[in-house]
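Asks: My questions will all concern the structure given below.
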Amino acid sequence: LKNGLLIVVLSVVVVLATLLIPTAVLSPEATAAIGYGLPFAYIVQDQSRIPFGVDGAPALPRWQGVGSPWEYPVQLQPLYLLLDIIIVAVLLGLARLWLRRLT
Amino acid sequence: MLQKRIAVSLFLIFVGLPLGLHAQSQRSDQQRAQVYFAPNTELATMLAELTKNGLPLLAFQRRQPQGTQLWTDEFSLDQVVWQTSTDLTNQYWQSHAALRQDLLASYRRLAAKRIEDPAWQALVDSVPETFIGCWESSSCPTIIIYRITTEGSPQSLQNLAQSTLVDRVDQQTTSNSAPAQVNPVLWRPQKGDVDIQPSSVAGERYINNTMYWGTTAGFTANSAYEHDFFLNNSEESAYGPGTYLTADQSLTGIPTVAHWTSNLPSPYLDTRFEDPDFVRSYTIGAADGAAIVADTWYTSLIRAANGEADIDNGYLQAQLGHRTPPDCYSTWCVFGDQIVDIYPAYAIDPVPGQYSWQFYSILLPVIERGGPS
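In the order they appear, the protein sequences are chains A and B. So for the first sequence, this note's numbering puts the first residue at 45; every next one is plus one. So for the second sequence, this note's numbering puts the first residue at 383; every next one is plus one.
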C-alpha cells in the first residue's frame, strides 16, 4: 500500500512537471487553444493576446511554453488529468516491477 | 545503463525539484502587497505606520467621488524624490493637476464625436477637481489614503496587517478555477476610444482609453474586466525598437508609470507577468466587474515617461476575468477567462494618435474601427 501511494504521488508530480514542456504552435488560430500536459493535454490555454508573426513578433510555427494564468485564460480538462495520472502510475508500476526483476 | 538513468531521473524529481522550489521561495521572500487603510487615514499617518514596520512606500491610491462617479488614481513613487509628507503631498497634487489636464485635453479631442451623447457629458462633468498651484504656496490639502503598494518580508507585512489603521492586506495568490464561457456580447464594451498623446508633463506621455457598455449582463459577482492595450516593443518591427511610453517594469512585471486614474469600479494597474518581451501592456482593469453600469462612460488614463520610440503601433483587447479569492481586488487576484479583439495586432497604427471603435450590433460581432484622427 505504501509503495502504491508513493507511485501515485510520484505520477502526480511527473504529470504536473510535464506542464513545463513547450507545445508546438503551428498557426495563429491555434494560439487560442494551446494544449499543455502529457501524455494527453489537460490544460488548454488561450495565448491569442500574443501577436505571433505580426510586425516583428516571432513567427509561427514555434515551441511555446505555458503562460501565466493571470494573463492567459486557462481551461482544465479534469478527465485528461486523471487519465494522465493513471497512465503514468501504471508505467511507473511496470518500471518498478521490471527493476525488481533485474535486481 | 537504464537503471542509472532511472536513478538520475528519480534523483532529479525528489532532490532537484524540492531544491529548485526552495531556491525560488528564497528569491521571492520579499513580497509585494497592496494594503487597504481604514477610512480617513491621512498620508502622514500612513507613512508613520509604514516606517514603524520598516516598509517602503512604492505607490498610493486615493479615491474621489465626483457626482455619480467614483474616481481612483494611483501615484507611483518610482521616479519621485521626496523627504517629508508635505513634500510628497505637494508633488502628488502637481501630478494630479497634470493628470486632469491630460484627461480634459483628451476629451476635447473626442468631443466632436460625442456631441449628442448625454452619458459622455456626464463623464466629462465628473472629472475630479484639483488644486492648481497649491504646491507653490504649500497650501495643498491633506491626502486621504485608500490603498498603498509596499514590499517586504511576510513577517513585516503580517505586522502591518495587525495595525488598527489597516483594513486588509492583499498579496499574490496562485489559486485559480476554470470559469464558464460567457457570450462576449454580454460583457465586452460596446464602444470607446484610444487616445495616445504627449502629456502636459514634459518628458511624459499618456494613453487614455474610454469605454461604454450597452449591456453588462455577462458579469457575475466575481467578474473582473481588463481593457488590455499593447504597444509593439519588437526590435524588428516596422517602426524599430522601443515603445512610445516607457517599457520599464518592476521585477514582478508591474509597468513603471508616473500616475494613473480611472472611474472604473475597483481599478488596478495590470501586471505584465510572463508577457513576452516584444509587447508591452498598459492596462487598467476593473476588479469589480459586477459594479460596471450600462449606458455609462468609463475612462482610464495612464501617464508614464517617454519610451525609446517616437512612433509606434499597438492593439487593444477586452478581457473578461474573475477574482480568486472573491474578496481580493488586486491585480494578483484577477485571472483571465476570455479575450476579444477590439483592434487586432497592430491595427492601432500609428501611435501617437486617436482612434474610436464601436461594435455595431449588440448581437453580432460587427465592429467599426476608426483610423487615426
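The beta carbon of each residue, even a glycine, is placed where N, CA and C say it ideally should be.
In chain B, which residues lie less than 8 Å from A:Gly100 when you measure between Cβ atoms?
Replies: Per Cβ cutoff of 8 Å: Asn614, Ser616, Glu617, Glu618, Ser619, Ala620 and Phe660.
Asks: Would you kindly work out how many angstroms separate the C-alpha atoms of B:Ala426 and B:Leu432, rounded to a whole number?
Replies: Cα-Cα distance, rounded: 10 Å.
Asks: In three-state DSSP terms, what is B:Arg705?
Replies: Residue state, collapsed to three classes: strand.
Asks: For B:Ile589, would you say it is in contact with chain A, using Cβ-to-Cβ distances shorter than 7 Å as the test?
Replies: No, no contact with chain A.
Asks: Does B:Tyr680 pass the burial test, meaning 16 or more other C-beta atoms within 10 Å, or should it be called exposed?
Replies: Its Cβ being crowded by 16 or more others within 10 Å, B:Tyr680 is buried.
Asks: With a Cβ-Cβ cutoff of 7 Å, do B:Gln699 and B:Ile666 count as a contact?
Replies: No. Outside cutoff.
Asks: Quick one: is B:His404 near chain A, going by C-beta distance under 7 Å?
Replies: Any answer about B:His404 is weak, because its pLDDT of 44 lies below 50 and its placement is not dependable; what the coordinates show is given next. False, the Cβ-Cβ gap to chain A never drops below 7 Å.
Asks: Hey, is B:Phe601's beta-carbon within less than 7 Å of any beta-carbon in chain A?
Replies: Taking Cβ atoms only, chain A never reaches closer than 7 Å to B:Phe601, which makes this a no.
Asks: For the structure I just gave you, are there three or more beta carbon pairs, one from the segment 652-661 of chain B and one from the segment 455-471 of chain B, closer than 8 Å?
Replies: No: the two stretches stay apart, fewer than three of their Cβ pairs being nearer than 8 Å.
Asks: Closer than 9 Å between beta carbons: that is the criterion. Which residues of the segment 637-659 of chain B meet it against chain A?
Replies: Cβ contacts with chain A: Asp652, Thr653, Arg654, Phe655, Glu656, Asp657 and Pro658.
Asks: What's the gap between the Cα of A:Phe96 and the Cα of A:Ile51?
Replies: Taking the straight line from one Cα to the other gives about 40 Å.
Asks: When the distance is taken between beta carbons, is B:Leu439 closer than 7 Å to B:Leu641?
Replies: In the sequence on display, residue 641 of chain B carries His and not Leu. Not in contact: B:His641 and B:Leu439 (Cβ atoms no closer than 7 Å).
Asks: List the residues of chain A that B:Ala415 touches, going by C-beta distances under 9 Å, in chain order.
Replies: By Cβ distance, chain A contributes nothing, its closest Cβ being about 16 Å from B:Ala415, past 9 Å.
Asks: Can you tell me which of the three DSSP states B:Glu431 falls into?
Replies: B:Glu431: helix per DSSP, three-state reduction.
Asks: Does the segment 599-606 of chain B come within contact of the segment 671-687 of chain B, defined as at least 3 CB pairs closer than 8 Å?
Replies: The segment 599-606 of chain B is in contact with the segment 671-687 of chain B.
Asks: Consult DSSP for B:Asn591 and reduce its assignment to one of helix, strand or coil.
Replies: DSSP places B:Asn591 in strand when its eight states are reduced to three.
Asks: Do we get a CB-CB distance below 7 Å when we pair B:Ala727 with the residues of chain A?
Replies: Closer than 7 Å: yes.
Asks: I want to verify the contact list: residues of chain A whose CB lies under 7 Å from the CB of B:Tyr697, in sequence order.
Replies: Correct list: Pro95.
Asks: Would you mind telling me which residues of chain D sit closer than 7 Å to B:Asp719, beta carbon to beta carbon, in chain order?
Replies: The displayed structure is made up of protein chains A and B, and chain D is not among them.
Asks: Let's see if you can read the secondary structure: which residues bound the beta strand (DSSP E) around B:Trp475?
Replies: No beta strand (DSSP E) holds B:Trp475; the alpha helix (DSSP H) holding it covers Ser467 to Leu492.
Asks: Can you have a look at B:Val463 and say buried or exposed, based on whether 16 or more other CB atoms are within 10 angstroms of its CB?
Replies: Exposed.
Asks: Roughly how far, in whole angstroms, is the beta-carbon of A:Val88 from the beta-carbon of A:Gln121, given that I think they are within contact range, below 8 Å?
Replies: At roughly 7 Å, the Cβ-Cβ gap stays under 8 Å, so A:Val88 and A:Gln121 are in contact.
Asks: Grouping DSSP H, G and I as helix and E and B as strand, with all else coil, what is A:Ser55?
Replies: Helix, per DSSP.
Asks: Does A:Trp114 come within less than 7 Å of chain B when only Cβ atoms are used?
Replies: Chain B, which has a Cβ nearer than 7 Å to the Cβ of A:Trp114, makes this yes.
Asks: Could you tell me which chain B residues have their CB closer than 7 Å to the CB of A:Ser92, listed as they occur along the chain?
Replies: In chain order: Ile721.
Asks: What first and last residue would you give for the beta strand (DSSP E) that runs through A:Ile129?
Replies: Taken as a continuous stretch (DSSP letters only), A:Ile129 belongs to no beta strand (DSSP E), being part of the alpha helix (DSSP H) at Pro122 to Leu146.
Asks: Let me see if you follow: with CB-CB separation under 7 Å, is A:Gly81 close to chain B or not?
Replies: It does not; no Cβ of chain B falls within 7 Å.
Asks: With distances taken between CB atoms, is the gap from B:Pro726 to B:Tyr697 smaller than 7 Å?
Replies: Contact: yes.
Asks: Over what stretch of residues does the alpha helix (DSSP H) that includes B:Asn614 continue unbroken?
Replies: B:Asn614 -> not in any alpha helix (DSSP H); beta strand (DSSP E) instead, spanning Ser605 to Asn614.
Asks: For B:Ser467, which option in B:Val506, B:Ser755 and B:Ser520 has the closest C-alpha, if you only look at C-alpha atoms?
Replies: Checking every option, the nearest Cα to that of B:Ser467 belongs to B:Ser520.
Asks: Going straight from the alpha carbon of A:Val53 to that of B:Tyr626, what length do you get?
Replies: The straight-line gap from Cα to Cα measures roughly 50 Å.
Asks: Should A:Gly137 be flagged as near chain B, meaning a C-beta pair shorter than 7 Å?
Replies: With 7 Å as the cut-off, A:Gly137 does not count as an interface residue toward chain B.
Asks: Do the CB positions of B:Arg444 and B:Ile514 come within less than 7 Å of each other?
Replies: No, Cβ-Cβ distance for B:Arg444 and B:Ile514 is not below 7 Å.
Asks: Here's a check: name, in chain order, each residue in its chain whose Cβ is nearer than 8 Å to the Cβ of B:His404, leaving out the five neighbours to either side.
Replies: Bear in mind that a pLDDT of 44 at B:His404, under 50, signals an unreliable position, so the number given afterwards is only what the model happens to contain. So no residue of the chain qualifies.
Asks: Can you give me the C-alpha to C-alpha distance between B:Thr532 and B:Gln412, rounded to a whole angstrom?
Replies: Each residue's Cα considered, the two are about 10 Å apart.
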